[in-house]
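Residue 1138 in full-length UniProt numbering is what sits at position 1138 of the sequence shown, and the numbering runs on without skipping anything.
Heads up, the beta-carbon is just placed ideally off N, CA and C, and yes, glycines get one too.
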Amino acid sequence: MPHKGPHISISPDYVVNRILRINIDDFAEWPESVRNLAIAIAEELFLMAYNPFIDADTVRSSVRDSFEKESVSLAHYYATAIGEGITMFWSAHEAEMEFREKLISALGDILPAECILTNPGALVESATDATDLRMELPLLVVEPDTTEQVAELVKLANDMKFALIPRGGGSGMTGGAVPARKRTLIVSLTRLTRVGPIDMENMSVTCEAGAITQTVINAVDAAGALFSVDPASKQASSIGGNISENAGGPMAFEYGTTLDNLLWWRMVTPTGEIITVERENHPRHKILPHETAVFVVKDVSGGVRNVVHLRGDEIRLPGLGKDVTNKALGGLPGMQKEGVDGIITEAGFIVHPKPRHKRVMVLEFFGRSMHPAAVVVRELVALRNRIREEGDYAHLSAMEEFNAKYVQAIEYKRKSEKYDGAPISVIILQVDGDDPYLLDTCVGDIVSVVEQQENVDIIVAADDKEGERFWEDRHKLSAIAKRTSGFKLNEDVVIPMDRIPDFALFLEQINLECTAASYRHALQEVGRLPGFPMEDKDFNREFSQASKAASGDVAAADVSDVEMAERAEAFLEVLKEKYSHLAKKISKIRDYMEASRIVVASHMHAGDGNCHVNIPVNSNDAQMLEEAEEVAARVMAECQEMGGEVSGEHGIGITKIAFFSKEKMDALRAFKERVDPRDVMNPAKLVYRDLPVRPFTFSFNRLIRDIRESGLPDKDKLIHLLTSIQVCTRCGKCKQVCSMCYPERSMQYHPRNKNMVMGMLLEAVYYSQVNKGRIDDRLLKWMRDLVEHCTACGRCMANCPVKIPSGEVALTLRALLEHEGASGHPIKGRALEWLVRDIAHRAPKAAKVASLGQKMQNKFLGFVPAVWKRRMQSPLFSGRGPKMGYTNLYESLKLHRGAVFTPAEPAPGMPLALYFPGCGGALFYDRIGTSSIMLLLKAGFAVAVPPRHMCCGFPLLAAGMDTAFEDNMAQNRQYLASMLRSLVKQGFDCKYLVTACGSCRDGLERLNIQAQFPDLVMRDVVQLTMPLLSREDLRAPVAEGSRLVYHGACHCEWADVHKVKGQRQVVRALGEFSGADVVLSPGCCGESGMGAMTSPQIYNLLRTRKQQRLEDAMGENYDGPVVVGCPSCKIGIARCLINMHDKHSVLHVAEWLAGQIDGEDRRQSFRKKVNETRGDVRVIDLK
């Protein structure tokens, strides 16, 4: 029978207890067959309770049928217990839904409709955080726009008796924002994103609670200062979350945590009052142990309600660099409270002068033990303290360490040329200052400390660029969880500085014991195999040795965990050879040993003694999860034994509540009862040891297993989707680079959220197919919603630590929808089917029709009343559209006369670029194609152009027409290969395949034509020609002080560059070439090929955002063009400017560059020169 229950990491007995309310001890005594029935029913009901994509009526019908079929054969006691449990479940569910409807109605009086999120995806995204732990599904998600709305919302919660949980970036590591009770509303602050003003006179910045930390860092940096709150989650975490957790980060070593840098914050109390907390006389440095910080709590009228005095040694235990376990903090509202006492909406921070110089160093330690690295950390902290005493001539602003487990997980590239092999520990150190001489003195002091140890090398970055590369290794560390499909226990503890070497030895010992325990278990399993002789002396001796090491009787100083793992691998190989008839079974045991071995990886904000212990776990392996939790408990206990604390920045949440001291819990409970008497804010957190329900995680592996064992159609595609996304660590680093993340308008379709939603959605797809034999239309609609919120640009993958190909996932899902006949765009599909049957002839004709149609439409729309146009969503009917060319490149340059152009008489070995103009450069804007060919000729290349029209195929791929795409790709590969072979025979050196469109290059890269022509390099036209034109002194600088606005496309314009950083490379290169101040305007243009027409509800929003960004970039007196690197973007930006009633021109960068070199009349003169020639090779004299 197919499994109809949830795919989660929780015992079935607990599900029965939670859903059917059957006592867990009594249930253990039930007959096996009755237990199985109760488990099946409870799990199916729980599936609906935690997965909002599951249809309640389908579950009700399925459960009723199962129970009625089996109940007649059950004893009365069992039938009654199960039946009553089912009845209670549905009664509670119906009451919840009735309350939900009343709540939605009441919320409508406070919030705009778009701020009340009821869709299943929003509930799934907000049910967990970076831990992936879940307890209850939220009732709703609301996203207020103002502090006043938040206050009204809190008052409503008190009146209607529902719970509120404030949520920022969802990057929490302890489950603090996970709903623990039913009737919980998530209050997402993501629409509150304003940053500024930045006051450089008073060195401060104001920002709203939903602003992403990295956005604030960037804004302050652009203003010329330093924002020092920099948690590792800065690309995802929000300002409000930083305050609620008192977040730290690498720079906390020098500048302190969030609390140390706050000037004031505004929040709403649990009774709906608005208060402001202000720091008095901020000294602009980290709060030192002997200092007292004073905070004044004021009401909305400015009246003083309370004054809180906090000594430095109250904030952090003496001897600890960080400590966030004193939750009460003398009654200081909001700070470090994890959302249990109100909702923070706005804050003001100090900013620091930006140091003029910095040095970044990497210390690599080799050998068998991390102990020398720990000693160096201790000594460098002592050096930092000496520097402070001597006048702070330099700042040791960051010191980060990670161990060998991370070295392996991130595929760290060794910097040392002095030692071989992989380092056992790496420290990245940054020193800042204003005096280069004193900075170099500090570096020398660091070298002196390091050289006291053996087997260590120190590498100093040659420049800022190399320093950035050093830091990139630190940003990849979340990849440790890739080994176990993205799930891990992530605990941060704080160790006194003088005990760090001891803690390093403890971690080495615990890794050895875990490895030995895994080996011991494997040997036990081998020993149980039928036919294995128990009298094998070598086996018994090995088992004894593994047992000793597992119990701690072997020191890590004598045997490392790596050596133990190698020993285990080698011995099991010996057993396979020795007992060949058991080889397959021993291999399976060995594979499980490797997959389930507990690995304790550690990295450290070393200057603070804040050690992050990560234990990757397979969430579908109950035994492994239990062992991991035991190891985490040992780590916590050891930390406290050494005088440390269980959290330096992650907080307590639900994962560390067992280790939260009674004294601190009691103090917080007393505070909470006073300020939140109705327990409205984040109930069941921090004030009680026991949680209302047991947390669980979603298991991709279990779902994949069930789908694999089923006979479902398209199961291979489903499995491919799940295996692609299951390694997501929920870090949120994709947020900042995703075009579909527009939090101010409640658009949160970045891959982190989509991955979580897709797991639930595909579980619902599986359930639907098992029950009905088909996918519900409702699920197809939600799948389509996910797909359409993706441009498949690949920028997210460039930023992803585990390199999830989210763009490819979206394309696969599109293909699945197309196969189901549910693409949602039948007209587009039929049009593409018609075109693809004869692209060479039909596409040019269709382009002419589109050009004429746009002209006629623009005239017609002049007679349509504005009120009618405003009601239209599609840009086809809501306003005038951009003009497109009627004459195509093939006609313009008469390519039928010859499609190879040379700048001089051809000679053997002349370098040639094969230019692929695509639809944009050939059909819609022949000026792009003409300019591209001219630039290539100017740069000294012969240019070959396909004489017939070819499509890169990306529109087919984006439409889910994977079969048509494959056919088109095969034809393109054959045609281009034939062209290249012919050109080589003519004596040309075919060096480059060139495009002027990122999407075209994406389509061409899939041809893998380099397999036939390994020396062929793919490049963008401008990327290839601009450096050569500069060398030839053809550049024509613009007037001094000129500005140029450049729109960065979603698809990276250039080849072989980082897809996120590539835009800045383009901007820098344009600035260097022209001398202009080039301003980058980021964000999707709102066109995305045919997206603007097929999904206007999405792209109209993005276009609105783009229009604002263009307005900001151009300012008041800008008189230049808007330059783009993509033909589709040329249409999109032109549409934006039409909507803005702005007459600035839009030029492709190839057009702009050609104009800079040859003037505005170059197109006509170049075309005239070209058309004077004919023949297989057409020589163009450009002098």
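Item                                                                                                                                                                                                 : Value
Just how far apart, CA to CA, sit Leu259 and Leu310?                                                                                                                                                 : 11 angstroms
State the CB to CB distance for the pair Glu763 and Asn51, rounded to an integer number of angstroms; the pair is presumed to be in contact (CB under 8 angstroms).                                  : 6 angstroms
In the DSSP assignment, what are the bridge partners of Met604?                                                                                                                                      : Glu401 and Cys611
Just reading off the alpha helix (DSSP H) that Glu120 is part of, what are its end residues?                                                                                                         : For the record, residue 120 in the displayed sequence is Pro; it is not Glu. It spans Pro120 to Glu125 - the alpha helix (DSSP H) in which Pro120 sits, taken as one unbroken run.
Could you tell me the distance, in whole angstroms, from the CA atom of Asp221 to the CA atom of His1144?                                                                                            : 30 angstroms
Which whole-angstrom value is the C-beta distance of Trp265 and Ile315, which I expect to be below 8 angstroms?                                                                                      : Rounded, the Cβ-Cβ distance is 16 angstroms, inconsistent with contact.
Beta-carbon within less than 7 angstroms of Lys415's beta-carbon, same chain only, minus the 5 sequence neighbours each way: which residues are those?                                               : Val362, Glu364 and Ile459
Whole angstroms is fine: what's the gap from Glu645's alpha carbon to Val600's?                                                                                                                      : 18 angstroms
I'd like the span of the beta strand (DSSP E) that includes Arg279, first residue to last.                                                                                                           : Ile274 to Arg279
Can you check DSSP and say which residues form a bridge with Asp561?                                                                                                                                 : DSSP, once it has assigned bridges, lists no residue as partnering Asp561.
Does Leu317 come out as helix, strand or coil in the three-state DSSP assignment?                                                                                                                    : coil
For Phe27 and Glu94, I'd like the C-alpha separation in whole angstroms.                                                                                                                             : 26 angstroms
Taking contact to mean 3 or more Cβ pairs, one atom from each stretch, closer than 8 angstroms, check whether the segment 91 to 106 and the segment 28 to 43 are in contact.                         : no
Around the Cβ of Lys735, are there at least 16 other Cβ atoms within 10 angstroms (buried) or fewer (exposed)?                                                                                       : buried
Would you list the residues sitting across from Cys990 in a DSSP beta bridge?                                                                                                                        : Leu912
Using a Cβ distance threshold of 8 angstroms, determine whether the segment 315 to 333 contacts the segment 636 to 645, with at least three qualifying pairs required.                               : yes
Taking only runs that begin and end inside the segment 514 to 547, name each unbroken beta strand (DSSP E) of 3 or more residues, in chain order.                                                    : none
From this set, Glu338, Phe162 and Asp392, which residue's C-alpha is nearest Glu254's C-alpha?                                                                                                       : Asp392
Is the separation between the beta-carbon of Cys997 and that of Thr791 shorter than 7 angstroms?                                                                                                     : no
Which ranges would you report for the alpha helix (DSSP H) in the segment 4 to 44 if only whole runs of at least 4 residues count?                                                                   : 12 to 20 and 24 to 28
Let me know if Trp782 comes out buried or exposed under the rule of 16 or more other beta-carbons within 10 Å of its beta-carbon.                                                                    : buried
Could you tell me the boundaries of the beta strand (DSSP E) in which His1148 lies?                                                                                                                  : Val1146 to His1148
Is Arg21 closer than 7 angstroms to Gly85 when the C-beta atoms are compared?                                                                                                                        : yes
Reducing DSSP to helix, strand and coil, say where Ile815 ends up.                                                                                                                                   : In the sequence under discussion, the amino acid at residue 815 is Ala, which differs from the Ile named in the question. Helix, per DSSP.
Roughly how many angstroms lie between the CA atoms of Asp432 and Arg359, to the nearest whole one?                                                                                                  : 7 angstroms
Do you know how far the Cα of Ala522 is from the Cα of Tyr592?                                                                                                                                       : 8 angstroms
Can you confirm whether the segment 159 to 170 touches the segment 187 to 206 when touching is taken to mean that 3 or more C-beta pairs between the two stretches lie within less than 8 angstroms? : yes
Quick check on the DSSP output: the alpha helix (DSSP H) that includes Gln149 runs from which residue to which?                                                                                      : Thr147 to Met160
Name the one or two DSSP bridge partners that Cys741 has.                                                                                                                                            : Gln748
Determine the extent of the beta strand (DSSP E) in which Asp492 is found, giving its start and end residues.                                                                                        : Lys488 to Val494
According to DSSP, is Pro166 helix, strand or coil?                                                                                                                                                  : strand
Can you tell me whether Cys207 is helix, strand or coil according to DSSP?                                                                                                                           : strand
What residue range does the beta strand (DSSP E) around His949 cover?                                                                                                                                : No beta strand (DSSP E) holds His949; DSSP gives it neither H nor E.
Can you check which of these residues, Asn1139, Asp1077 and Ser1095, is closest to Val1123 by C-alpha distance?                                                                                      : Asp1077
Hey, quick one: how far does the alpha helix (DSSP H) through Met979 stretch, first residue to last?                                                                                                 : Asp962 to Lys985
Compare the Cα-Cα distances from Lys488 to each of Phe506, Val631, Leu893 and Val426 and report the closest residue.                                                                                 : Val631
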